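For my numbering, count along the sequence shown from 1 and bump the result up by 1213. The C-beta atom is built at its ideal place from N, Cα and C for all residues, glycine as well. The structure presented is a predicted model; accordingly, all values stated were derived computationally and were not measured. First the structure, in the form of structure tokens, and then the observations on it.
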Amino acid sequence: MHAFDRRGFLKLAGAAGIAGLPGALPLARAADAAAMEKAKAQGQAVFYANITAVQPIMDAFAAKTGIKGQYTRISSSKFIPTILTEFNAGKLLADVVQAPLPMLQVLKEQGVLAPYKSPAADGYPDWATKDDSITLFGIEYVSYLFNTDHLKKADAPATYEDLADPKWKGKIVMANPSNHASTIGWLVGLKEQVFKSEDDWMKFVKGLAANQPMFVASFGPTPAPVESGEKLIAISMPKYIVTKAPAPLDWGPRSGQPLLGSARAIAVTAKAPHPDAAHAFMDYWLSKEAMGLLAKDVGEYVLAPGVHPPIEGMDKAEVKPVRDLSDEELQKWGREFGKIFAVR
């Protein structure tokens, strides 16, 4: 049974001219309370996710609702196989799942997700709530970082184009552009949303490659060489300014160019073992309170209105989702970038 959607009720009531009738709002509150009692009786909401450092949200959810949030982290490479194996065996334990948007779209195609639109997503961008099952709550934003102890702000790259300046040769670290999906998507996103022409973009890509970046497996290891001074610039995620504090990290570009990244998504599963608890968890996760914790403690860029990570200047930055690339596109561009960057 779906939890009562107060937003939907009020819209219907307004259309019917009954919103002002005595008892309308008490009825809504009573339905909400009944759903919450069912959720509490179910005891827990099981959350499968590939996002890290969310225990403060799990703890806050339990304290606020009396429902335990059971968090299991699954790496991106194992996320879909794990869930589909459990689901097809009729043994999926997850009530709610979180991953980059393309992964949840695959799960939806396989019938794993249930329709649910949370009233807590009021005020989110329209593009974040258009799907009947999947809600986008953040962007895994990417730009570049530098250590202010080793590189003065005035001397740091001001634009993406500056990363191709030969003076940065041997001084950049980035995830491998031949096989790291988020980096491939970011580079293609620059072509589609930042550079004026494909020729300008390709000049940038080749210039970046000519600077012979050091390659690592993912974004996770990118800050360390910059923290130590081994490298001066990391193509990385600004959230590390929060999670690596007090390391003296700063971010760019500060020239007005947008920051790009993959959309983060969340959904309730079909046949959730704890359906009302799943809705309660989804509602809490999308609330300003929970998204404030994610922004403040983890540095994530979230879509809850008025909530920003505590990173200087980020409240004024334009952060945009990249287009979801198909498997064929990822393979094509991975091969192309492998050649350009001479990946061995």
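Exclusion of the five residues before and after Ser1468 leaves Ala1371 and Thr1372 as the residues of its chain whose Cβ lies within less than 7 Å of its Cβ.
Excluding sequence positions up to five before and after Glu1299, its CB lies within less than 7 Å of the CB of Leu1305 and Leu1306, all in the same chain and listed in chain order.
Unbroken alpha helix (DSSP H) runs of no fewer than 4 residues, entirely contained in the stretch 1341-1428, are found at 1394-1406 and 1411-1423, following chain order.
Each residue's CA atom was taken as its position, placing Ser1539 and Arg1557 some 24 Å apart. About 15 Å separates the beta carbon of Ala1480 from that of Leu1297, a gap too long to meet the 8 Å contact definition.
For Leu1314, the uninterrupted alpha helix (DSSP H) run begins and ends at Leu1314 to Glu1322, by DSSP. With the rule of 3 Cβ pairs closer than 8 Å, the stretch 1374-1383 counts as touching the stretch 1412-1421. DSSP places Gly1547 in the helix class (H, G or I) of the three-state scheme. From the listed residues Lys1552, Lys1509, Gln1470 and Phe1494, the smallest Cα separation to Lys1330 is found for Phe1494.
In this structure, DSSP gives Pro1534 an extended state, which the three-state scheme calls strand.
For Val1511 and Lys1251, the gap between their C-alpha atoms comes out near 31 Å. In the structure shown, Tyr1514 adopts extended strand secondary structure according to DSSP, grouped into three states. Sorting Val1455, Pro1471, Lys1384 and Ser1431 by C-alpha distance to the C-alpha of Phe1408 places Pro1471 at the top. Taking C-beta atoms as the reference points, Ala1485 and Val1309 count as a pair closer than 9 Å. The alpha carbon of Leu1445 has as its nearest neighbour, out of Asn1360, Ala1247 and Thr1285, the alpha carbon of Asn1360.
When C-alpha distances from Ile1352 are compared across Phe1554, Val1535 and Leu1543, the shortest belongs to Val1535. Contact annotation: Val1520 and Tyr1354 have beta-carbon atoms that are not nearer than 9 Å.
The stretch 1448-1464 and the stretch 1432-1439 touch, with three or more beta-carbon pairs separated by less than 8 Å. Per DSSP, the unbroken beta strand (DSSP E) holding Tyr1261 starts and ends at Gln1257 to Ala1262.
Our two residues, Lys1365 and Pro1315, have alpha carbons roughly 38 Å apart in a direct line. Here Ala1254 is exposed. Its C-beta has fewer than 16 other C-beta atoms within 10 Å.
Taking a 10 Å sphere around the C-beta of Ser1356, we find 16 or more other C-beta atoms and assign the residue as buried. Per the C-alpha coordinates, the member of Gly1324, Pro1488 and Asp1339 positioned closest to Gln1257 is Pro1488. When Met1249, Lys1291, Ala1302 and Val1515 are compared, the shortest CA-CA separation from Tyr1261 is found for Lys1291.
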